[in-house]
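**Student:** I'd like to ask some things about the structure below.
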Amino acid sequence: MVEELCRICGLLESNPFFRLAINFVDTATICQLNKDFVGHEGSTDVISFNYSTDKDSSNDDIDGELFICTDTAESAAKRLNRKFSEEIALYIVHGILHISGEDDSTVSERRRMRCLERKIIAKLVKSFNFSEIFPERSN
């Protein structure tokens, strides 16, 4: 699924061997990453790093990295009446869109990004069962 997602988002066009790491973390970890690397206090859903455009990066093993907060996904899924697996898939899509150059800082950028997310998720659900990839969490 992730390879297909990278292809859809155009990451494989410039680098057919784009290597992406996905880390699933808790609230404390995402808060620390958010503070250290984004300069924001508090939790967030996903943080993306694109090392392929960072000439000073010391990370030669991977080109991009996502940190996804599973606690945030679980609470958002309950609040929005969605499956945990759908929320995780959405965060991966969102993170890869950021790595591919999309931004969501302004209202118009957010609208564009939400539209892209919906289109990409619609393509992915035709080929992948998110619940098989990301099992639902038990309470």
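Following our numbering, the residues of the sequence shown are numbered contiguously, the last one being 550.
We put the beta carbon where it would ideally sit given N, CA and C, even for glycine.
Small disclaimer: the values here were computed from a predicted structure and weren't measured.
Does DSSP put Asn-540 in a helix, a strand or coil?
**Tutor:** Within the sequence shown, residue 540 is the residue found at index 129, counting from 1. Three-state result, Asn-540: coil.
**Student:** Give me the residue from Gly-506, Glu-485, His-505 with the minimum Cα distance to Ser-496.
**Tutor:** On the sequence shown, residue 496 is found 85 positions in, with the first residue counted as 1. If we check each option's Cα against that of Ser-496, Glu-485 comes out closest.
**Student:** May I ask you to report which of helix, strand or coil DSSP gives Gly-475?
**Tutor:** As a working note, residue 475 is residue 64 in the sequence shown. The answer is strand: DSSP assigns Gly-475 an E or B state.
**Student:** Is it true that the CB of Ile-458 sits closer than 8 Å to the CB of Asn-445?
**Tutor:** Numbered from 1 along the sequence shown, position 34 holds the residue referred to as residue 445. Numbered from 1 along the sequence shown, position 47 holds the residue referred to as residue 458. Result yes, Cβ atoms of Asn-445 and Ile-458 sit closer than 8 Å.
**Student:** In angstroms with no decimal places, state the Cα-to-Cα distance between Thr-483 and Ser-425.
**Tutor:** Taking the sequence shown and counting its residues from 1, one reaches residue 483 at position 72. Taking the sequence shown and counting its residues from 1, one reaches residue 425 at position 14. Roughly 32 Å separates the two Cα atoms.
**Student:** Please state the DSSP three-state secondary structure of Phe-460.
**Tutor:** Position 49 of the sequence shown, counting from 1, holds the residue named residue 460. It is a strand residue.
**Student:** Find the nearest neighbour of Ile-479 within the set Asn-492, Arg-418, Ile-507, Ile-473, judged by alpha-carbon distance.
**Tutor:** As a working note, residue 479 is residue 68 in the sequence shown. Checked all of Asn-492, Arg-418, Ile-507, Ile-473; the closest Cα to Ile-479 is Ile-507.
**Student:** Tell me Glu-431's beta-bridge partners as DSSP assigns them.
**Tutor:** To locate residue 431, count along the sequence shown from 1; it is residue 20. Checking the sequence shown, residue 431 turns out to be Leu, not Glu. The partner list for Leu-431 (beta bridge, DSSP) reads Gly-475.
**Student:** Expressed to the nearest angstrom, what Euclidean distance is found between the alpha-carbon atoms of Cys-442 and Gly-450?
**Tutor:** By one-based count along the sequence shown, residue 442 stands at place 31. By one-based count along the sequence shown, residue 450 stands at place 39. C-alpha separation (whole angstroms): 10 Å.
**Student:** Take Ser-511 and list the residues in its own chain whose beta-carbon comes closer than 7 Å to its own, dropping the five residues that flank it on each side.
**Tutor:** Sequence index remark: in the sequence shown, residue 511 carries index 100 (1-based). Closer than 7 Å at Cβ, skipping near neighbours: Cys-420, Gly-421, Leu-422.
**Student:** Taking 6 Å as the limit between beta carbons, can you name the residues of its chain near Thr-481, skipping five residues before and five after?
**Tutor:** The residue given as residue 481 occupies position 70 in the sequence shown. So the list reads Phe-435, once near-sequence residues are dropped.
**Student:** Looking only at its own chain, which residues have a Cβ that is under 6 Å from the Cβ of Phe-460, when we skip the five neighbours before and after it?
**Tutor:** Taking the sequence shown and counting its residues from 1, the one referred to as residue 460 is at position 49. Within its own chain, the residues whose Cβ lies closer than 6 Å to the Cβ of Phe-460, once the five positions on either side in sequence are excluded, are Glu-476, listed in chain order.
**Student:** State yes or no: is the C-beta of Phe-541 within less than 8 Å of the C-beta of Ala-488?
**Tutor:** As a first step, residue 541 is located in the sequence shown; it is residue number 130 there, counting from the start. As a first step, residue 488 is located in the sequence shown; it is residue number 77 there, counting from the start. Not closer than 8 Å, so no.
**Student:** In the DSSP output, which residue or residues are listed as bridge partners for Cys-480?
**Tutor:** Taking the first residue of the sequence shown as position 1, residue 480 is located at position 69. Cys-480 pairs with Val-436.
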